[in-house]
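Note that this note's numbering gives residue 54 to position 25 of the sequence shown, counting from 1, and the numbers run on in steps of one. The C-beta atom is built at its ideal place from N, Cα and C for all residues, glycine as well. Notes to accompany the following structure.
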Amino acid sequence: MRLLALPALSDNYIWALCGSDDETALIVDPGDAAPVLAAAANGLRPVGILLTHHHNDHIGGTAALRERWPGLPVFAPDDERIGDATVRVDDGIRVHVAGWTLQVLAVPGHTRSHVAYYLDRSGSGSDGQRLLFSGDTLFSLGCGRLFEGTAAQMLSSLTRLAALPDDTRVCCGHEYTLANGAFARVVEPDNPALSRRIEQAQSMRNAGRPSVPSSLGEERATNPFLRSREASVLRSLTARLGRAPADEVEAFAELRRWKDGFQA
């Protein structure tokens, strides 16, 4: 099993999960068909598409891929704004395609119908691993904006994802690590794990490599949006508000508002 991050548009990643033959691939969030078609020219053969939410930079290439491969199944949340779906999914459903089984997790907040896909092959021998395709809900060192959902919804969604095992690889939809890291460093300037993560990401980007996937263990240690209940984050929020947040939802909401207006 091999995982490819195909750069697309300005800062998106289309994920390709390749099978044991290194040709068949499950495609996640193809916002643009061109990178997938280019990979197909080198032997990649899509066997299914997973869509996390309706935004065009995640679904925009789907129609062209189905035109190229008419029988391609497309799994997507039950949202009328996604017109190319062949199979609608919801929380708790298991997607079976090309020998993979992925669990669907409803994670509203960024959009009302956002889902994530979780693959657990930890007991599958040498290629065993856990993968989380989180779309725009959980990013490396960040989370998505609240376009349609509430702070309470997003906090609940992130708490749910954070409960997955430490070695889960977080396959998010964008290359945002360094920008998110600049904000995270302001929130937690004395977090040594965060400093190491930023240095690592900078080195990877300097080498022309994606900074993702990260691990969920790393995210719990460094991502302020998974750490909004931590004393160090609450101290920063208290200084910003001039008082302690009333509860964990207000703390998370203020953290998200702070990030929305942040400029490095």
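- Between residue 204 and the set 220, 37, 288, 75, the nearest pair of CA atoms involves 37.
- DSSP places residue 77 inside the beta strand (DSSP E), whose first and last residues are 74 to 79.
- DSSP links residue 243 through a beta bridge to 199.
- By the Cβ test, the region 192 to 202 is not in contact with the region 269 to 287, since fewer than three Cβ pairs between them sit closer than 8 Å.
- For the 8 Å CB-CB criterion, residue 99 and residue 77 do not form a contact.
- Using a C-beta cut-off of 8 Å, the region 136 to 146 makes contact with the region 106 to 122, since at least three inter-stretch Cβ pairs fall below that distance.
- At a Cβ-Cβ threshold of 8 Å, residue 169 and residue 206 count as neighbours.
- With a 10 Å radius around the Cβ and a threshold of 16 neighbouring Cβ atoms, residue 232 comes out exposed.
- The beta-carbon distance between residue 201 and residue 167, rounded to whole angstroms, is 6 Å. This is short enough to meet the 8 Å contact definition.
- Within the region 151 to 220, complete beta strand (DSSP E) segments of at least 3 residues are found at 159 to 164, 198 to 201, given in chain order.
- By DSSP's assignment, residue 132 forms a beta bridge with 123, 147.
- When secondary structure is reduced to three states using DSSP, residue 67 falls in the helix class.
- Residue 253 sits in a helix when the DSSP states are folded into three classes.
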